[in-house]
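A quick write-up on the structure given underneath.
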Amino acid sequence: MKNSICRAAMVFTLALWPLGHALADSIRIGEMSSYSANPQSTDAYRKGWELAVKEINAAGGVLGKPLEVISRDDTGKPDAGLRAAQELVTNEKVALLTGTYLSHVAVAVADFANTNKIFFLVGQPQSDALVWERGNRYTFRLFNSNRSQVLALAKMAAELPAKRWATIAPNYEFGQSAVAGFRQELQRLRPDVEFVNEQWPALGKLEAGATVQAMIAARPDAVFNATFGADLAKFVREGNMRGLFEGREVFSVLTGLPEYLEPLGNEAPAGWIVTGYPAEQVDTPAHKAFRDAYEKAYGLSPKVGSLIGYSEMQAIKAIIEKAGSTDTEALIAAARGVKFETPVGPLTFRPQDHQSTFGFFIGKLAVENGKGKMVDWKFYDGADYQLPDDVVKTLRPHAATQ
Amino acid sequence: MYDASTLFVQLLNGLSYSSTLFLVASGLALIFGVSKIVNFAHGSFYMLGAYVALTVISIMPNTAYGFWGGVLIAALIVGVVGCLIEVTILRRIYSAPEVFQILVTFGLVLVFQNLIFEFWGPDEVLAPRVPGLRGAVTIFGERIPQYNIVLIFVGPIFLGLLWWLTHRTRWGRLIRAATQDREMVASLGVNQTTLFTVVFFIGTFLAGLAGALQIPKESANLQMDINIVVDAFVIVVIGGMGSILGAFLAAVLVGVINAFGVLFFPQAVSVLIFLVMVLILIFRPNGLMGGRLIPQRPSDLSIDQPFRPQSRRAQQATLAVILALALLPLLAPIYVEVMMTEVFILAIFASSLHFLLSVGGIVSFGHAAYYGLGSYAAALVATRLGLPMGAGIVAAMLAAALGGVVFGWFCTRLRGVYLAMLTLAFAQILHALSVQMVSFTGGDNGIVGLARPAWLNSHVAYYYLALGAVVVATYLMRRALYAPFGYAFRSGRDSLPRSAAIGINVAFIQWGAFVLAGAFAGLAGALMAYHRGSVFPTDFSVATTVDALVMVLVGGVQSVSGPLIGALGYHIVSVELIRNLSDYWRLILGIFIILFVLKMPQGIVGAFMGRFGKGER
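Encoded structure:
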């Protein structure tokens, strides 16, 4: 027993010991993501930014100093994310924060960045609120907003004869805003369209058989899907077997991402119009170089997480170089309108809402050699699919653009 | 509004889902019935079954025999793993209070998650369609996959097998006997050890089987365990703990209600199952088929020594500690202050749980409900009404106390595991509401931007506020503990009939305790809301409750100062693990929890006092 007490005391002392052992004179970046809670995507994301950091440092670093990334697991929970942010700032003395995977964690950390006046570059989360209703002047977002993808999809959907739509989306922020955005835009373009069935399974708990049946019973002409991961796999298999997708157009967000397409194998639903990332087919020189380097480093093909992680560090490098220092105010001024190169082309952060012009791919799914793949895809420049400036102004708090 | 064929097919869909639910729940019910272990890790065996089946089936030939043989082999492997766990870990905690069992199995959940990730990696895999059952059959013009039709029969087949096993074999009779009265069976000379191991084998085999049968419908993924286990518990509770037929009826009920819920109220699907459970427990407190539970031992948390007020020396020591903590900001870096502020707030939360758990023997497994009510009340008052922080804190305590009034009224009519599960159900309902009422609660994104008054803005100032709050809250809770109210509350824990005999209205006293503990948990929630500047649905989550339970355990369930020490120890250990070992923290934390329960069940304070002192622990 005495031993246990000694041990507990030792753990406690060790815990209180600030463990910061900095590289001599480096630029310290605080990074966090849901590594333990959502390894399916964040694993590729980590590989992506690690590759970028290696390349940047091999080429002489930023402002003559190496980048040093201090990475934390936010465990998929906002309070753990906040704690990690707090610790990175007060203990590790990082120059800026970046990363996160889930939207609500990003919203929490963005609020932290705002109150603590620290620069925060959001990586993967796509929540619209991050740049609009809850946007603040310290927070920038790299990946495309949920809205930009569904705007593009709704435009295409409006050209179909389909009038009766059914939707299915996980019942949390991502799914809610995807459906709301799609519906709003489609009904704006086509006032005669009606939404006859909306399914809202809890994330990860879709009971696919009954749900697909309920959608069939509503006799829709077309379907909009925002489920992904395990829910998507269930939905697709039941839908294929029960004939939900026969004779119906399906518009779907995220389904073409390698993360979600690969698990489906030959069950991948041919004919769906999806947003995604046809990593193996994008052959621009910049993307080819990225893909080759990634495959060489890890022996795997990149996923969208890899692309985002890689681009995230490119953005940070460009922002710091433009700012000339790691002072927060200088970073904000520099980030607005900064130009930086990524595997999917040059991007910038819009000064009016801190959203990057990250584009997206839309294509049709097909099955080849027992695997799903995007065909007839096109790259859409994110700059063309943003809300109009006057709408942004009404949504975004005034102080956020100061 | 829907034609008959749709309704009929939807019934079949519900029944097909029921089979999966039944396989998982019957294993859980069997294990609980005999060993009285509340096996929170049951979902992990289900997940393990899915992953093992994927591997086994990929080796087997791609034929119908290959698939069904692979499923059987996978389930057997899971059963063997279950046996190993029973022999090495669970066997040691059969006589421990149920809250310890929940914690050990929760530690197992963490260990399984980490190990399965290590072995199978992060990629999700959907198994190929089942050979021979690749298509669909058409019933009244609607198509149903053949595999789902087969699944409809799996549930009743295993119900039959289990009935045969428990009614027609000697082993089965012993299992039933042990479910009714374990001690009697032992007195008759039956070797309980083997009996328990076999039961655990069957239970985990069933869970593994359910997981293996799921892979043609769902990609194996690392969230499967948590997604199924709460539903399985709800079914076991609805059916009556330990009753297999009850589990079957409940699984059918839940499966069918879910299928029609999808048709008629798609927005409410995630709350439906908990509402059903609350309704059933109001009218049948022991579940559909649950008989009267025979108490196995005198009340679980009763202790040999009553709590005693602090001695003079202990009081002096307490003052010295408070003084030292007050001086800490002069020496320590800011990060330490931030951490300690959280420790103080969590200590209040853990103390409020300790009050119900240790003093009253009430396992509040949904304690996060009060914490979340507090944090949301504070946030709503601040952001909607624009009132200052003081008003927010008062509102938080009132809201959480009101939660105590409502939930306490239902919960004090139940005992033991039923009570634990009902409190869990309330917390889950609030969690679902906080996610769904987007315009009111902000949904998943919660409410951000809570501003503290200017004088509290610095970390140091908030540190002192939290320190003051924990001192005052602890003092008040101790006053309650040593007041007649506290004595009466404890008497209810130690002996219901005797307390009743001397004229104590135990249920009423317990109801009061729910209100009191709720108010303090609400205070902790509000302080945390202002500390973070934001509130989120995770405040209502199972994980929040489990954290508090582990804190109480680490400090020592039977120690008045346990929650304070536990909050300090656990919060710092877990945060440091997550910070430094992002790939293995769940494994280490899980092992830490298991070892703690096995080796130091009396907690840090208990161990210390057992060696060095008497008096208040």
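Going line by line, the protein sequences match chains A and B.
The opening position of the first sequence corresponds to residue 1 in the working numbering, with each subsequent residue numbered one higher.
The opening position of the second sequence corresponds to residue 403 in the working numbering, with each subsequent residue numbered one higher.
A virtual CB, placed ideally from N, CA and C, is assigned to each residue, including glycine.
Test: residue i CB closer than 9 Å to a CB of chain B
i              : result
D43 (chain A)  : yes
E87 (chain A)  : yes
M241 (chain A) : yes
S36 (chain A)  : yes
S311 (chain A) : no
A80 (chain A)  : yes
8 Å contact criterion, which residue i and residue j should meet: CB distance rounded
i              : j              : result
A579 (chain B) : G451 (chain B) : Not really, about 29 Å apart at Cβ, beyond 8 Å.
L67 (chain A)  : V53 (chain A)  : 5 Å
V433 (chain A) : E262 (chain A) : Residue coverage of chain A in this structure runs from 1 to 402, which leaves residue 433 (chain A) outside it and unanswerable.
I70 (chain A)  : E92 (chain A)  : 5 Å
V959 (chain B) : G971 (chain B) : With a Cβ gap of about 14 Å, V959 (chain B) and G971 (chain B) do not count as contacting.
A719 (chain B) : L456 (chain B) : Wrong, their Cβ atoms sit about 57 Å apart, outside the cutoff.
A969 (chain B) : H769 (chain B) : So it is not a contact: roughly 14 Å between Cβ atoms.
Y426 (chain B) : Y453 (chain B) : The identity of residue 426 (chain B) in the sequence shown is Val, whereas the question assumes Tyr. Not quite, the Cβ-Cβ distance comes to about 16 Å (not below 8 Å), so this is no contact.
L395 (chain A) : W132 (chain A) : 4 Å
V664 (chain B) : A210 (chain A) : 5 Å
Alpha-carbon spacing of residue i relative to residue j, whole angstroms
i              : j              : result
V638 (chain B) : S421 (chain B) : 14 Å
T113 (chain A) : Y138 (chain A) : Reading the sequence as shown, one finds Ala at residue 113 (chain A) and not Thr. Cα to Cα, A113 (chain A) sits roughly 6 Å from Y138 (chain A).
L567 (chain B) : F635 (chain B) : 23 Å
I216 (chain A) : R237 (chain A) : 14 Å
G60 (chain A)  : V94 (chain A)  : 20 Å
A44 (chain A)  : A443 (chain B) : 29 Å
L331 (chain A) : R134 (chain A) : 20 Å
L186 (chain A) : V556 (chain B) : 44 Å
I651 (chain B) : N415 (chain B) : Here residue 651 (chain B) is Leu; the residue named in the question, Ile, does not match the sequence. So the two alpha carbons sit approximately 16 Å from each other.
I980 (chain B) : G523 (chain B) : 19 Å
P700 (chain B) : G613 (chain B) : Residue placement at P700 (chain B) is flagged as unreliable, the pLDDT there being 43, under the threshold of 50; the coordinate-derived value follows with that caveat. Cα to Cα, the separation comes out at about 37 Å.
M313 (chain A) : F994 (chain B) : 36 Å
F887 (chain B) : T595 (chain B) : 42 Å
A286 (chain A) : E87 (chain A)  : 36 Å
Contact set for residue i: own chain, Cβ-Cβ below 6 Å, skip 5 residues either direction
i              : result
V872 (chain B) : F746, A749 and I750
S252 (chain A) : N225, W272 and V274
V587 (chain B) : A579 and A580
H21 (chain A)  : In this predicted model, H21 (chain A) has a pLDDT of only 47, less than 50, meaning its place in the structure is not dependable; the value taken from the coordinates is given anyway. No residues qualify anywhere along the chain.
V392 (chain A) : Q352 and D353
L232 (chain A) : Y260
H104 (chain A) : P78
Residue i, DSSP secondary structure in three states
i               : result
V539 (chain B)  : strand
G337 (chain A)  : coil
D525 (chain B)  : coil
L690 (chain B)  : coil
M1002 (chain B) : coil
T814 (chain B)  : coil
R786 (chain B)  : helix
R350 (chain A)  : coil
F66 (chain A)   : Residue identity differs from the one stated: residue 66 (chain A) is Pro in this sequence, not Phe. It is coil, neither helix nor strand.
F358 (chain A)  : coil
Sequence-distant residues of its chain with Cβ nearer than 7 Å to residue i (five each side left out)
i              : result
P547 (chain B) : A538
D381 (chain A) : T357 and G359
I795 (chain B) : A780, L925 and A928
Within-9 Å CB hit, residue i to chain A
i              : result
L450 (chain B) : no
S621 (chain B) : yes
L581 (chain B) : Contrary to the premise, residue 581 (chain B) reads as Thr rather than Leu in this sequence. No, T581 (chain B) lies away from the interface with chain A (no Cβ there is under 9 Å from its Cβ).
Y866 (chain B) : no
G557 (chain B) : no
Q712 (chain B) : no
Y453 (chain B) : no
N907 (chain B) : no
Cutoff 8 Å; reference residue i; Cβ partners in own chain excluding five residues on either side
i               : result
T100 (chain A)  : M32, S33, S34, D74, G81, A106, V109, V122, G123, Q124 and P125
G363 (chain A)  : G256, I273, V274, G276, P278, M374, V375, D376, W377 and K378
P1024 (chain B) : Residue coverage of chain B in this structure runs from 403 to 1019, which leaves residue 1024 (chain B) outside it and unanswerable.
R674 (chain B)  : Checking the sequence, you will find Leu at residue 674 (chain B) rather than Arg. Cβ within range, chain order: I659, N660, G663 and F667.
Residue i Cβ short of 8 Å to the ligand GTP heavy atom set
i              : result
M691 (chain B) : Among the components of this structure there are no ligands whatsoever, and the ligand GTP is therefore not found.
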